[in-house]
Amino acid sequence: MRQQLFLLMLLLLLIGPTAAFVNNVSDVPGMARAGEEDQAAAPAPAGGRLGQCNLFRGKWAVDPSYPLYQPSSCPFLDPEFDCLKFGRPDKRYLNYAWKPEFCNLPRFDGVELLKRWNGKKVMFVGDSLSLNMWNSLACMIHASVPSAKTSFSRQLPLSFVSFNFKKYGVTLYLYHTTYLVDIVKEDTGRVLKLDSIEQGQAWLGMDVLIFNTWHWWTHKGRSQPWDYVQDGSKVYKDMDRLLAFYKGLSTWAKWVDLNVNPSNTTVYFQGISPTHYMGNEWMSSSTRNCNGEQLPLEVAKYPAGTPEAAVVVDKVLSRVKKPVHLLDITFLSQLRKDAHPSTYGGGGHSGVDCSHWCLPGLPDTWNHLLYASLFM
1 MRQQLFLLML LLLLIGPTAA FVNNVSDVPG MARAGEEDQA AAPAPAGGRL GQCNLFRGKW
61 AVDPSYPLYQ PSSCPFLDPE FDCLKFGRPD KRYLNYAWKP EFCNLPRFDG VELLKRWNGK
121 KVMFVGDSLS LNMWNSLACM IHASVPSAKT SFSRQLPLSF VSFNFKKYGV TLYLYHTTYL
181 VDIVKEDTGR VLKLDSIEQG QAWLGMDVLI FNTWHWWTHK GRSQPWDYVQ DGSKVYKDMD
241 RLLAFYKGLS TWAKWVDLNV NPSNTTVYFQ GISPTHYMGN EWMSSSTRNC NGEQLPLEVA
301 KYPAGTPEAA VVVDKVLSRV KKPVHLLDIT FLSQLRKDAH PSTYGGGGHS GVDCSHWCLP
361 GLPDTWNHLL YASLFM
């Protein structure tokens, strides 16, 4: 009897954590609960560590030398991110700088970046948060070399801006894709194919690739750009979105392993950019969102913990055979509930935008960390 009881308890211990994670994700191999320690599987952040320095852990502090540029002087800035132009009255959000623990970030130098990336093709691949980051880097470089000759094209799915300053030049591309994997129009409707990535042909030949996806995986109803989701030979009307994200991101990881030569191409993953639509995530009212927020959080750990999507990213990146550097922007961005456009974004958007970020603003820090990673 005691032996049977012991075996039953052992079985419960083995299956318990998996069953408790999230509906329909229990069959994802090795998936950990959001917020749990999984040090062995975690990918190395971009830039890694220098002694005790971790670029992605620290705090926000007011720095009078910020912002790095004025939005009115940047010809590449999309209206949806130009919060000052559309009436945001407070300006303190412009003056925050990220201060990593135990080290200092090198000051951003656009000329130095042009030297290091001279002749290179850099592509941001992803949704409008990739646009956010692409806009930011173009404005940062332009502020450093305002006299540089530029070429600019804003199209779908491919946009670019080229800088030529003295003998240095770089081209920043943006490839717009919401899921990284393909959406194919068929007789039955629009099908999200979790194991297809034909659009990846457009990403070949780049020197630097910076990928991003997540926000569109949660869209439903009229904002959902597909009618069916296909996993292998099986077609569904819908499926658990976190599981679909895992499968789609795993297809992207296979593409990286098959198509990227690390000697020629450096690959980054942008990390999960958080939203601030629910105030209870930062211990405020559940009916509150980012609207009216003017100060960052000052906490060592975000109250809502690590997003489940970030756990998926860590798990997938830990299994990629080719080097992929994680820009681990999640925690530092979670603290910036004040940095969204809210009601001050242009470009025809209505309502409260707590997904994207004002420019100048938080994505400048993402690019500053990308820049710093080149020296570490």
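Quick note on the UniProt record's numbering: the sequence shown kicks off at 1 and runs consecutively. Virtual Cβ for every residue (Gly too), placed ideally from N, Cα, C. Small disclaimer: the values here were computed from a predicted structure and weren't measured.
Assigned secondary structure, residue i (DSSP; H/G/I helix, E/B strand, else coil)
i: residue 192; result: strand
i: residue 168; result: strand
i: residue 101; result: strand
i: residue 116; result: helix
i: residue 246; result: helix
i: residue 387; result: It is not possible to answer for residue 387, since the shown part of the chain is limited to 1 through 376.
i: residue 93; result: helix
i: residue 258; result: helix
i: residue 108; result: coil
i: residue 72; result: helix
i: residue 86; result: coil
i: residue 12; result: Caution applies to residue 12, whose pLDDT of 40 falls short of 50 and renders its modelled position unreliable; the value that the coordinates give is listed next. Helix, per DSSP.
i: residue 357; result: coil
With 16 other Cβ atoms within 10 Å as the buried cut-off, status of residue i
i: residue 280; result: exposed
i: residue 230; result: buried
i: residue 152; result: exposed
i: residue 283; result: exposed
i: residue 188; result: exposed
i: residue 443; result: Residue 443 lies beyond the range of the chain shown here (1 to 376); nothing can be said about it.
i: residue 72; result: exposed
i: residue 369; result: buried
i: residue 156; result: exposed
The beta strand (DSSP E) enclosing residue i, as first and last residue numbers
i: residue 134; result: Per DSSP, residue 134 belongs to no beta strand (DSSP E); it is in the alpha helix (DSSP H), 128-144.
i: residue 61; result: 53-62
i: residue 186; result: 182-186
i: residue 287; result: Neither: residue 287 is in no beta strand (DSSP E) and is coded neither H nor E.
i: residue 152; result: 149-153
Residue i, enclosing alpha helix (DSSP H) - first and last residue
i: residue 371; result: 362-373
i: residue 315; result: 308-317
i: residue 269; result: Looking at the DSSP string, residue 269 is not in any alpha helix (DSSP H); the run it does join, the beta strand (DSSP E), is 266-269.
i: residue 331; result: 330-334
Beta carbon of residue i nearer than 9 Å to that of residue j
i: residue 253; j: residue 170; result: no
i: residue 180; j: residue 244; result: no
i: residue 333; j: residue 262; result: no
i: residue 246; j: residue 235; result: no
i: residue 367; j: residue 137; result: yes
i: residue 206; j: residue 123; result: yes
i: residue 160; j: residue 114; result: no
i: residue 135; j: residue 81; result: yes
i: residue 60; j: residue 296; result: yes
i: residue 306; j: residue 287; result: no
i: residue 338; j: residue 92; result: yes
i: residue 326; j: residue 375; result: no
i: residue 346; j: residue 100; result: no
i: residue 265; j: residue 197; result: no
i: residue 248; j: residue 203; result: no
i: residue 353; j: residue 343; result: yes
i: residue 267; j: residue 172; result: no
i: residue 111; j: residue 147; result: no
*Output the residue ranges of the beta strand (DSSP E) runs that lie fully inside the region 200-229 and measure 3 residues or longer, sorted by chain position.*
208-211
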